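A short write-up of the structure that comes next.
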Amino acid sequence: GAVVSQHPSRVICKSGTSVKIECRSLDFQATTMFWYRQFPKKSLMLMATSNEGSKATYEQGVEKDKFLINHASLTLSTLTVTSAHPEDSSFYICSARVAGGLEETQYFGPGTRLLVL
Amino acid sequence: GENVEQHPSTLSVQEGDSAVIKCTYSDSASNYFPWYKQELGKRPQLIIDIRSNVGEKKDQRIAVTLNKTAKHFSLHITETQPEDSAVYFCAPNSGNTPLVFGKGTRLSVIA
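In order, the protein sequence lines correspond to chains L and C. At position 92 of the first sequence the residue is numbered 92 (this note's numbering), and the sequence of numbers has no breaks. At position 18 of the second sequence the residue is numbered 18 (this note's numbering), and the sequence of numbers has no breaks.
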């Protein structure tokens, strides 16, 4: 149980275009989802907390107008990287907490590798 | 916010030896202490966790010990195997906040 999927697993796009990444909880409802970014040989850095039905909470230094987050249902959150640039190339990983479950446990998706040319 | 430090940043051990990774944190409200293992290009996977009401937890070759007074907890891997080679992250948490990860420890087990 507690499976999180992401789509796509990898994407290559041209500079200036937008890319949407989906994060789904497959067998549970998630009122809260989190988006992380990981550069090569670095740790996971929290970008934002996505709450179902309300605005996302962004970490300091993360541009909310560049990284659009939508959490329209209890099983789906999307991250859109707008006007992507090469420096946005990274590994993006989402995670989710089970609604009504142990509040600390986060289940991670497999990640999306983004390459901006 | 939580200030997390992991040591060492890299660790090489011979197969069969033990490995210990230490995580120190700053937030005295932290009450949940997980360790994650991440293989190259994969998602982080929870391998063991402990809550503040206990001092030690063991699961086969893996154990976690907690010292709340000193604000640190450690991951112990015994009888290491090549498949234990990965990056390990700690993420101390107070329960109602997102996991914030340490910088990671790259473990190499040499056959």
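No residue lacks a Cβ here, since even glycine has one placed at the ideal position from N, Cα and C. Note that the structure is a prediction, hence the values are computed from the model and not measured.
Residues of chain L whose Cβ lies closer than 7 Å to the Cβ of L99 of chain C are, in chain order, Q106. By the Cβ criterion, the stretch 103-114 of chain L is not in contact with the stretch 46-62 of chain L, since fewer than three pairs of Cβ atoms, one from each stretch, lie closer than 8 Å. In terms of Cβ geometry, V4 of chain L and C23 of chain L form a close pair [threshold 8 Å].
A19 of chain C sits buried, since 16 or more C-beta atoms from the chains shown fall within 10 Å of its C-beta. In the three-state scheme derived from DSSP, where H, G and I count as helix and E and B as strand, E83 of chain C is classed as helix. It is roughly 12 Å from the alpha-carbon of L117 of chain L to the alpha-carbon of S18 of chain L.
In this model, L115 of chain L and A96 of chain L are separated by some 24 Å (Cα to Cα). Secondary structure note for V4 of chain L: its beta strand (DSSP E) is the uninterrupted segment 4-7. Nearest to T32 of chain L by C-alpha distance, out of L:K14, L:L76, L:T112, L:I21, is L:L76.
DSSP places T112 of chain L inside the beta strand (DSSP E), whose first and last residues are 112-116. Using beta-carbon distances, L44 of chain L counts as an interface residue toward chain C, with a partner under 8 Å.
Counting along the chain, the unbroken beta strand (DSSP E) around L79 of chain L starts and ends at 76-81.
In this structure Q81 of chain C is exposed. Its beta-carbon is surrounded by fewer than 16 other beta-carbon atoms within 10 angstroms. The C-beta of T49 of chain L comes closer than 8 Å to at least one C-beta of chain C. Not a single CB atom of chain L sits nearer than 8 Å to the CB of N3 of chain C.
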